[in-house]
Amino acid sequence: MQSCDFQLSSFVAGFWRIADWQLSPQQRMAVIKRYLELGVYSMDHADIYGGYQCEALFGEALALQPKLRHEMQLISKCGIKLMTDKTPDTYLNHYDTSSQHILRSVETSLQNLQTDYLDLLLIHRPDPLMNADDVAEAFQRLHQQGKVRHFGVSNFSPQQFDLLQSRLTQKLVCNQVEISPTNMTTLHDGTLDHCQQHRLAPMAWSCLGGGNIFNANDPQSLRIRATLETIADEVDAENISQVIYAWVLALPSKPHPIIGSGNIQRIESAVKSQHITLTRQQWFSIWQASTGHGVP
Ligand code: NAP
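FYI, the numbering for the sequence shown is 1 to 296, going by this note's numbering.
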C-alpha cells in the first residue's frame, strides 16, 4: 500500500454556499485570498453544489489570479446525480459511483474549477450499489492520468470505508463527516473512533448546524445556545461559533472543521478559535445540552 504525505490545513474552506454569497468574481477572489492569508489552503467543493454551479463560480474567480492554484488544495466530490444535471435521461436524484460517472464528473469539475488536477477527490455519500472494484478502477485511472492526486470518502461508515480501502493501492486520506453539537452521530457510531484508530483526521462539515444553531427555537437548540453563551463568557470567546469550533477541535480524532461562511469577519473569527481550550466539563456541558441528559 502506498503511504501518503497529504496534509489538510487546520481549517478547510467550504464553497457549498458560494452562489448564495452573491459576490462578484473579484469579491470571491478576495474571500479566497483571505483564506490563504489565514493559512486555510484546503478548499472544499462538490460537483453538485449549487445545482452544479458552485465550482464554476470558484473557477471564474481563480482565473483572475491563476497562480494561486498552486498555493491551495482543491477538493471535490462526486457520486450523486441530481435531476438538475445536464443529461436529459436523469429523472430522479440518485447515487452513481460507477467508473464511468466518476471519470465524467472529474472532467467536469476540472473544467469548472479551471484547473488540470484535483488534490483530493471524495466519494460524496455511501452508495448501496457501489462496486468497490469499479471505484478502484476509476481512481487508478485518474491517478495515472495525473488528474487526481489523493482519494477519500464522505459520510462513510467504518465498514464502508474499509471495503473501499481493501480494493485500493493508495491509502484513502479522509472521511468527511458531519460533526456539530446538534448532530453528534459520528461521535457515537464508531465513525470517529475508526478515524482515530487509523490516524485519519476527518473533515467536519456543518459544525454550526448550517447556521441553524443561531436562530432555531426547538428545545435542543435553545439548550445548546444557552450553554454556548455561558462558556463563551467563561473562556473569553468572541462569539458562540468559536466555542463550537473549540468543541470540535477537542475531539481526539483531530477533525479539520470546514468553514461554511462567506463573511470575512466570521472566517477570521473561526480560525482564531484554535487558541481556545475547553475543560472536559465545559465540553461535556455542551454534550449534555445536545442530548438533554447527563452522561449515564
Ligand atoms: P456551517 O458553518 O454549519 O454553516 C454555515 C452557514 O452558517 C452559513 O450560511 C453562514 O452564513 C451561517 N452562519 C455562520 N455564522 C453565523 C452567525 N453568527 N449567525 C447566523 N448565521 C451564521 O457550515 P455549512 O455551510 O453547512 O457546511 C460547511 C461546508 O461543509 C460546506 O461548504 C461544504 O463544503 C461542506 N459540506 C459537506 C457535506 C457532505 O456531505 N460532505 C454536507 C454539507 C456541507 P454567512 O455566510 O452569512 O456567514
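Think of the CB as a built atom: it goes at the ideal place given N, C-alpha and C, for glycine as much as any other residue.
At the C-beta level, Ala250 and Asn239 stay beyond 8 Å of one another.
In the three-state reduction of the DSSP assignment, Ile48 falls in the coil class, being assigned neither a helical nor a strand state. A contact between stretches requires three or more CB pairs, one per stretch, nearer than 8 Å, and the region 37 to 51 meets this requirement with the region 70 to 80. Ranked by Cα distance from Asp134, the options Met184, Ser154, Ser180, Gln165 are led by Gln165. Here the region 136 to 145 makes no contact with the region 108 to 115; the two share fewer than three CB pairs at distances below 8 Å. Judged by beta-carbon spacing, Ile32 lies beyond the 8 Å limit of Ala56, meaning their Cβ atoms are not closer than that value. Look at which beta carbons fall closer than 5 Å to any heavy atom of the ligand NAP; those residues are Gly14, Trp16, Asp44, Ser154, Gln176, Trp205, Ser206, Leu208, Gly210, Gly211, Phe214, Ile258, Gly260, Ser261, Gly262, Asn263, Arg266. Under the three-state reduction of DSSP output, Ile32 falls in the helix class. Where Arg149 is concerned, the enclosing beta strand (DSSP E) starts and stops at 148 to 154.
By the criterion of at least three beta-carbon pairs nearer than 8 Å, the region 14 to 34 is not in contact with the region 89 to 100. Closest in alpha carbon position to His194, among Trp21, Gly210, Gly211, Asn175, is Asn175. Residues Val295 of the same chain have their beta carbon placed closer than 7 Å to that of Phe284, with the five preceding and five following residues left out of the count. Under the 10 Å beta carbon count, Arg28 is surrounded by 16 or more other beta carbons and is classified as buried.
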